[in-house]
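*Asks:* The structure is given below, and queries will be raised subsequently.
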Amino acid sequence: MNDHITGEDLAAYVDGVLVEKKRGELESHFSRCPKCLEALAEIVDIQSSRAKVPGEFLQQALGEKQAVRKRVLPMRLAFEIAAAFLVVIFIGYFFLGNDRFRQAESRKKEKAAPSVSQAVPQLSLEVEKTIPVLTGRVEQAETAKTKRMPVEKNVMPAPVPLPASEKKQDQTAAIKDRKSAVLDENEIRGQGQKLEEAAEPAWAEMDKLSNAQFDRSHSVQVPASAGTVEPALAAGPRAAKQAGKEMADAVLPARAKKYEKGDEEAFPAEFREAAAISNAMQLFLAATGRAATPGGMKMAVLAPQPTIRIEGDVTWSDLRDPELLAGWSWFKKGMIMELEIDGAGQVIAVLPAGQWERSMAAMATKAVRQLTFSISGKKSRRARISFIGSSPN
Amino acid sequence: MQTILVNNLIIHCDRDKRNVRELDNHRVLLVIIGFMKGFLDGDARLLQALLAGDTAAWQKFILQYSNFIYRAIIKYTDDYDEKMAVYLHILEKLHENRFARLRRFAFQAKLSTWLTVVSRRLALDFLRSKYGRDFRLKKIRVVSIDAEPDYLKFLADTATPEKEMAAVERQEQRLRLESDLERAMAALSDKERLAVQLVYFKGLRIKEVGKLLELHSAYKFLGRTLQKIKAEMEKRSRFSRTRVRDALEGEAHE
């Protein structure tokens, strides 16, 4: 080999990628050609070096190129930002553009009534106000059967049968003269409207009773005032609820029937006991700074947020307005509610299971009936709402 | 950059198909293998983008391979500004004529090794054009008097008339030894001769040479080679044991 070794062959020899024959030829040449031997030795020596190029060298080499990069970079950034916006718009359309959002809005307008989320935070105050009322209320129940009685029964989970309320209205003959105009108005409004009155919670009525200093005439006028406030247009959805209540009579077990009938003798004692427990609990919570004082002065409004489990044919994700559950501070451990949901997602029947106070059960029944589920299919579904513990905070 | 097979004639084309040149089959096979390998190591992809005129690929190439260029430069110069000048010169040479040098890379070796060879060549050309062929004198690492050029050794040895006479004798003796060593080396195989040259004349480490020459045990290999050289040199009469013993006895007697 007379010619010197090419750079390609020299590099290949150093890398050891040549075949044996070629290697032999090159080694023969290296051993006889001082110039190529010098090159080989220097390449091996350079390769053993670990020196790194100074940054200034790179800056010098890339100086012109960096100027080009500066022009390119904003374009790329603009594309990246545009892509990010597209993703955000897509996600927004996917989650907010479906029927769930619109249905929730339309339903709120349709009801045009204060939601449970507004009503429930007042619970701690309202429950306290019921406590002094209790004794007077028991006396009234013994003396005469008034319009208040169906209200008491309807705080139970199951719907009140219509004939029973009518029968009791007939029995209250002495009072009937004084409230005849109101009752006529109720009858005109129809059966659905009556049941709407019946669904009003006991604690709301008791609040008004306490304000009137146990005046029976005031208590009788409560449904009339409620009727005037309630718009006539609300009769339609309420009638649908009535149909659901009738269905619940067939569905709910015997325990609900028992509550519906009402144990007249056991009820006052049980209520008194429950009130005492509630009072003690309120004192304890006030002392620990987690709830309102019995007098109504809130020491710390923020109670631990409950964690609520929804299981059965519907899940938490089916709930159209989960913000309603945020106000369920009264929902404590051991409380379970079994729901019956119709095809439109409305709660048509509620059965409190587990450990409940009567007043709490009534209030809970009303609160649960505010819930709506986004479900499809015409058949009714069953679900179970239970308390699974407090959040870490 | 395309490779087309037409009737067993492989043609290597540029992108615009103006620069068409024929290649031998072996070279094109290496190109194809190199491209296949490139999918693993990324060298070929980078080079392909570079040759396609991608500016970002050139920047990436500079960032990725500047170390190899720099290591080749610092072998020949210590001056910072000169290193910078040589570095930019090499990059310019690689960039000129639409990366004509890089187009010649056939993926036979690693791109880094090939770049080291090319950078060394370009650096030597640059420095020789500036300082002449003896530019290496600018970077002399004095290890011993034997590493000095001959005229310096001669000056050192001729400080007195006695030393001057002794120096002349030693010079003659050295010349005789070198000629005998050359003969002994000529009797060795290519691999043995190359190993001795790289280790004892060029100063590479035995480990490096063993790896380069693919020797199983480089130390034993070199030991055996030295024994061969010794045996070959002892065949000469003036290095015979008797003459060496006589010379040593005479010195002792004096």
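Chains S and X, in that order, give the protein sequences.
Read left to right, the first sequence gives residues 1 to 393 (my numbering).
Read left to right, the second sequence gives residues 1 to 254 (my numbering).
Cβ atoms here follow ideal geometry from the backbone N, Cα and C, with glycine treated the same way.
Name, in chain order, the residues that DSSP records as bridge partners for Arg381(S).
*Replies:* Paired residues: Ile341(S).
*Asks:* For Ile388(S), is the classification buried or exposed, using 16 other Cβ atoms within 10 angstroms of its Cβ as the cut-off for buried?
*Replies:* Label assigned to Ile388(S): exposed.
*Asks:* Which residues in the same chain as Ala106(X) place their Cβ atom closer than 7 Å to its Cβ, once the five residues preceding and following it in sequence are excluded?
*Replies:* If we look at Ala106(X) and ignore the five residues flanking it on each side, its Cβ neighbours are Arg27, Leu30, Val31, Gly34.
*Asks:* Under 7 Å between beta-carbons, which chain X residues line up against Val19(S)? List them in chain order, please.
*Replies:* Near Val19(S) there are no residues of chain X at all, since even the closest Cβ is about 11 Å away, more than 7 Å.
*Asks:* Using a Cβ distance threshold of 8 Å, determine whether the region 226-237 of chain X contacts the region 202-213 of chain X, with at least three qualifying pairs required.
*Replies:* Contact between the region 226-237 of chain X and the region 202-213 of chain X is absent, because fewer than three Cβ pairs lie under 8 Å.
*Asks:* Assign Tyr87(X) to buried or exposed, taking buried as 16 or more other Cβ atoms, counted over all protein chains shown, within 10 Å of its Cβ.
*Replies:* Under this definition Tyr87(X) is a buried residue.
*Asks:* Label Val14(S) either buried or exposed according to how many other C-beta atoms from any shown protein chain fall within 10 Å of its C-beta, with 16 as the threshold for buried.
*Replies:* Val14(S) comes out buried.
*Asks:* Can you pull the chain X residues whose beta carbon is under 7 Å from the beta carbon of Asp15(S), in chain order?
*Replies:* Here the neighbours are Ala109, Lys110, Thr113.
*Asks:* Would Met165(X) be called buried (16 or more neighbouring beta carbons within 10 Å of its own) or exposed?
*Replies:* Per the 10 Å Cβ criterion, exposed.
*Asks:* Report buried or exposed for Asp43(X), applying the criterion of at least 16 other Cβ atoms within 10 angstroms of its Cβ.
*Replies:* Buried is the call here.
*Asks:* Under 7 Å between C-beta atoms, does Leu461(S) make it to chain X?
*Replies:* What the structure shows of chain S is the stretch from 1 to 393, and residue 461(S) is not part of that stretch, so it cannot be assessed.
*Asks:* Contact between the region 357-364 of chain S and the region 315-323 of chain S is defined here as three or more beta-carbon pairs at a separation below 8 Å; is this criterion met?
*Replies:* No, they do not touch.
*Asks:* For the candidate residues Met75(S), Arg384(S), Trp328(S), whose alpha-carbon lies nearest to that of Trp316(S)?
*Replies:* Nearest option by C-alpha distance: Arg384(S).
*Asks:* With distances taken from CA atoms, which of Gln47(S), Ser376(S), Leu325(S), Ala83(S) is nearest Asp313(S)?
*Replies:* Here the closest residue by C-alpha is Ser376(S).
*Asks:* Alpha carbon to alpha carbon, how far is Lys220(X) from Leu226(X)?
*Replies:* About 10 Å.
*Asks:* What are the residues that DSSP puts in a beta bridge with Ala12(S)?
*Replies:* According to DSSP, which records beta bridges pairwise, Ala12(S) is partnered with nothing at all.
*Asks:* Under 8 Å Cβ to Cβ from Met335(S), same chain only, skipping five residues before and after it: list those, please.
*Replies:* For Met335(S), where only same-chain residues beyond five positions count, the Cβ hits under 8 Å are Pro352, Gly354, Gln355, Trp356, Met360, Ala364, Ser386, Phe387.
*Asks:* Just grab the DSSP bridge partners of Pro34(S) for me.
*Replies:* DSSP, once it has assigned bridges, lists no residue as partnering Pro34(S).
*Asks:* 7 Å is my cut-off, CB to CB: does Asp190(X) come that close to chain S?
*Replies:* Judged by the 7 Å Cβ criterion, Asp190(X) is in contact with chain S.
*Asks:* Can you name, in chain order, every residue of its own chain whose Cβ lies under 6 Å from the Cβ of His89(X), other than the five neighbours on each side?
*Replies:* Only Phe126 meet the Cβ criterion.
*Asks:* Can you confirm whether Ala72(X), when its beta carbon is compared against all beta carbons of chain S, has any partner nearer than 7 Å?
*Replies:* For Ala72(X), the answer is yes, since a Cβ of chain S falls inside 7 Å of its Cβ.
*Asks:* Determine the contact status of Gln108(X) and Glu25(S), defining contact as a CB-CB distance below 7 Å.
*Replies:* Taking 7 Å as the Cβ cut-off, Gln108(X) and Glu25(S) do not qualify as a contacting pair.
*Asks:* What number of angstroms, rounded off, separates the C-alpha of Ile46(S) from the C-alpha of Tyr131(X)?
*Replies:* Cα to Cα, Ile46(S) sits roughly 22 Å from Tyr131(X).
*Asks:* Taking only three categories from DSSP, how would you classify Lys235(X)?
*Replies:* Lys235(X): coil per DSSP, three-state reduction.
*Asks:* Would you say Val118(X) reaches chain S, if we count a Cβ-Cβ gap shorter than 7 Å as a contact?
*Replies:* Chain S, which has a Cβ nearer than 7 Å to the Cβ of Val118(X), makes this yes.
*Asks:* Identify the continuous alpha helix (DSSP H) that holds Leu51(X) and give its terminal residues.
*Replies:* Start and end: 43-51.
*Asks:* Provide the residue(s) that pair with Phe99(X) in DSSP beta bridges, ordered along the chain.
*Replies:* For Phe99(X), which the question treats as bridged, DSSP gives no partner whatsoever.
*Asks:* Under three-state DSSP, which class holds Thr116(X)?
*Replies:* Of the three classes helix, strand and coil, the one that applies to Thr116(X) here is helix, per DSSP.
*Asks:* Does any C-beta atom of chain X lie closer than 7 Å to the C-beta of Glu8(S)?
*Replies:* Yes, Glu8(S) lies at the interface with chain X (some Cβ there is under 7 Å from its Cβ).
*Asks:* Does the CB of Glu208(X) have a neighbour CB from chain S at under 7 Å?
*Replies:* It does: the Cβ of Glu208(X) has a partner Cβ on chain S nearer than 7 Å.
*Asks:* Could you name the residues of the region 53-64 of chain S whose beta carbon sits closer than 7 Å to any beta carbon of chain X, in the order they occur along the chain?
*Replies:* Within the region 53-64 of chain S, the qualifying residues are Val53, Phe57, Leu58, Gln60, Ala61, Leu62.
*Asks:* Name the two residues that bound the continuous alpha helix (DSSP H) containing Gly210(X).
*Replies:* That run of the alpha helix (DSSP H) goes 206-212.
*Asks:* By Cβ distance, which residues of its chain are closer than 6 Å to Leu111(X), with the 5 residues on each side in sequence left out?
*Replies:* Around Leu111(X): Asp43.
*Asks:* Beta-carbon of Glu234(X) versus every beta-carbon of chain S: anything under 7 Å?
*Replies:* Not one chain S Cβ lies under 7 Å of Glu234(X).
*Asks:* In this structure, does DSSP put Pro150(S) in helix, strand or coil?
*Replies:* Bear in mind that a pLDDT of 46 at Pro150(S), under 50, signals an unreliable position, so the number given afterwards is only what the model happens to contain. It is helical.
*Asks:* Can you give me the C-alpha to C-alpha distance between Tyr49(X) and Ala100(X), rounded to a whole angstrom?
*Replies:* A small fix is needed here, since residue 49(X) is Ala in this sequence, not Tyr. One C-alpha to the other measures close to 14 Å.
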